[in-house]
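Participant:
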Amino acid sequence: MNLIKRALMLLLIFTKFLAFAQGELITLGVLSGALSGLGYYAYDKYKCVYQECCTDEYIPADLDRLEYALTAKLYGQQIAHETIINALRGHLENHNSHKALVMSFHGTPGTGKNYVVQMIAKAFYKNGVQSNYFHFFNGRNDFPLQRKVDDYQEELYKIIFNGLQQCERSMFVFDEVDKMPEGLLNVLVPFLDYNNYHKSTKNSKSVYQNKAIFIFLSNTGSTKIVQHLKNLWEKGKKREDTKLQDFETLVAGGAFTEKGGFHHSDTIQTSVIDHYVPFLPLEEVHVRKCLARSFTDRGVTPKEEMLQEALSYLTFGPEPLNLYSMAGCKRIEQKVATIVYRKQSESKPID
Ligand SMILES: Nc1ncnc2c1ncn2[C@@H]1O[C@H](COP(=O)(O)OP(=O)(O)OP(=O)(O)O)[C@@H](O)[C@H]1O
Ligand SMILES: [Mg+2]
């Protein structure tokens, strides 16, 4: 009897212990759950203090700042200036836009295509071109081989898909499109086109708005731009009075028939490019401004002879009028640096 009593007592104690332990475990579980929930909330709330997020703080998209920069620093490109600002304003203000904004910049070397892209990146992203949402590809370096076009297409598709998953306000820039393998850009069509990408990914959050921006840069069509501007000049039309319409179809035609990434491209055939933006060849008056800025940046007020010397290194064409700088404002930094260095060493007293 005593034995049975003792066994019952032990069982009772064991059961009580179990119930107690279970209670503690539940409390512990609840506590750790709450703590991890709190931790996640805090992480989610404060991670953006330390790292870039897809938020307004990191993507101010400050078009007033862009407009100011274009007015102050971009010379002789009033068509590009207006077209780009209007396109971006339209895109940001249209909350029902089903299509990514797609612009294609065309023009001779050194006329400001990359320069403007940098300005756009700075105005859009707090981290400028360093932003994780700014993606830059160079046709010549990133996609050098025609025979690897299928691999490149696959890679590119993944990068863009993942980029848009990370942040729908991403920007994708393709430089030197004319050096890209033919057909590569066709892989972009679903991302550029009306909502195709969003529909197919069932990304319900962004079904009604496609906020991405795609920009292509190339020299295609630039011979036609130069020829046409020269013709207008000969007819007495001032550069300032030329309009986008004077160049747009010309450039699209040039891009489509010339060799390179756009050649016989679906990207063009499906008309997904919203704006063809011509960058006009720069005249002496514009190059002088670039030179003056470059001297001033080095703390030197240039004399006319210094400007003349720098200009003498540049080639102007086409013959016989030689109205335009063949390399625009490209590589003038090096010339200016040499002139400044020489002047400074000439004026140093000899020991
Ligand atoms: N229109 C311009 N106004 C002011 N500065 C300019 C202009 N165009 C070019 N520059 C200056 O020349 C530099 C080179 O220009 P940029 O790299 O933008 O040329 P690009 O049009 O991209 O030429 P490419 O076709 O050879 O790539 C710029 O960093 C800038 O300092
Ligand atoms: Mg360039």
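Numbering (mature numbering (1 follows the signal peptide of the UniProt record, and there is no 0)), first residue to last: -23 to -1, 1 to 328.
Heads up, the beta-carbon is just placed ideally off N, CA and C, and yes, glycines get one too.
#1: Does the beta-carbon of I309, which I'm using as the reference point, lie nearer than 8 Å to any heavy atom of ligand 1?
#2: Using the Cβ count rule (16 or more neighbours within 10 Å means buried), how would you classify K307?
#3: If you follow the alpha helix (DSSP H) that S199 is in, where does it begin and where does it stop?
#4: For the alpha helix (DSSP H) holding I97, just list the boundary residues, first then last.
#5: For Y129, is the classification buried or exposed, using 16 other Cβ atoms within 10 angstroms of its Cβ as the cut-off for buried?
#6: Once DSSP output is grouped into helix, strand and coil, what is the label at E153?
#7: In three-state DSSP terms, what is P255?
#8: Quick check: the segment 280 to 299 against the segment 63 to 80, are there 3 or more CB pairs under 8 Å?
#9: Pick from E261, Q55 and Q142: whose alpha carbon is nearest that of N109?
#10: Roughly how many whole angstroms lie between the Cα atoms of K215 and I61?
#11: Nearest to V249 by alpha carbon, out of L162, K207, Y301 and Q28?
#12: When the Cα atoms are used, what is the spatial distance from H112 to E59?
#13: Run through DSSP, which three-state label would F114 get?
#14: Quick check on the DSSP output: the beta strand (DSSP E) that includes G84 runs from which residue to which?
#15: Flag H75 as yes when its Cβ comes closer than 8 Å to any non-hydrogen atom of ligand 1, and as no otherwise.
#16: Considering L194, what are the terminal residues of the beta strand (DSSP E) in which it resides?
#17: M148 bridges to which residues according to DSSP?
#18: Quick check: what's the CA-CA separation for V254 versus E286?
#19: Return yes when the C-beta of K156 is under 8 Å from any heavy atom of ligand 2, and no when it is not.
#20: Below 8 Å on the Cβ atoms is my guess for I56 versus L221; work out the distance and round it to an integer in Å.
#21: Counting Cβ pairs closer than 8 Å, one from the segment 152 to 166 and one from the segment 115 to 128, do we hit at least three?
#22: Taking C-alpha atoms, which residue in A229, S324, E296 and V313 lies nearest to K266?
#23: Which word fits L51, buried or exposed, when buried means at least 16 other C-beta atoms lie within 10 angstroms of its C-beta?
#24: Per DSSP, what kind of secondary structure is F239 in: helix, strand or coil?
#25: Under three-state DSSP, which class holds E225?
#26: Assuming the contact rule is C-beta atoms closer than 8 Å, C144 and C25 should be a hit. Round their C-beta distance to whole Å, please.
#27: Starting from the C-beta of K99, find all residues in its chain whose C-beta is less than 7 Å away, skip the five residues before and the five after it, and write them out in chain order.
#28: Is it buried or exposed for K22, if we count other Cβ within 10 angstroms and need 16 for buried?
#29: For L300, which option in M283, H263, T315 and S322 has the closest C-alpha, if you only look at C-alpha atoms?
#30: On a CA-only basis, which of T219, L209 and L227 is nearest K201? Give me that one, please.
#31: Let me know the secondary structure DSSP gives G87 once reduced to three states.
#32: What did DSSP end up calling S302 once you bin it into helix, strand or coil?
#33: Relative to the alpha-carbon of G160, which residue among R146, A189, L169 and R124 has its alpha-carbon at the smallest distance?
Facilitator: This is what the structure holds:
#1: yes
#2: buried
#3: S199 to E211
#4: K90 to F101
#5: buried
#6: coil
#7: strand
#8: no
#9: Q142
#10: 21 Å
#11: L162
#12: 24 Å
#13: strand
#14: L78 to G84
#15: no
#16: I190 to S195
#17: F111 and I190
#18: 33 Å
#19: no
#20: 5 Å
#21: yes
#22: V313
#23: buried
#24: coil
#25: helix
#26: Not a contact, Cβ separation roughly 12 Å.
#27: G105
#28: exposed
#29: H263
#30: L227
#31: coil
#32: strand
#33: R124
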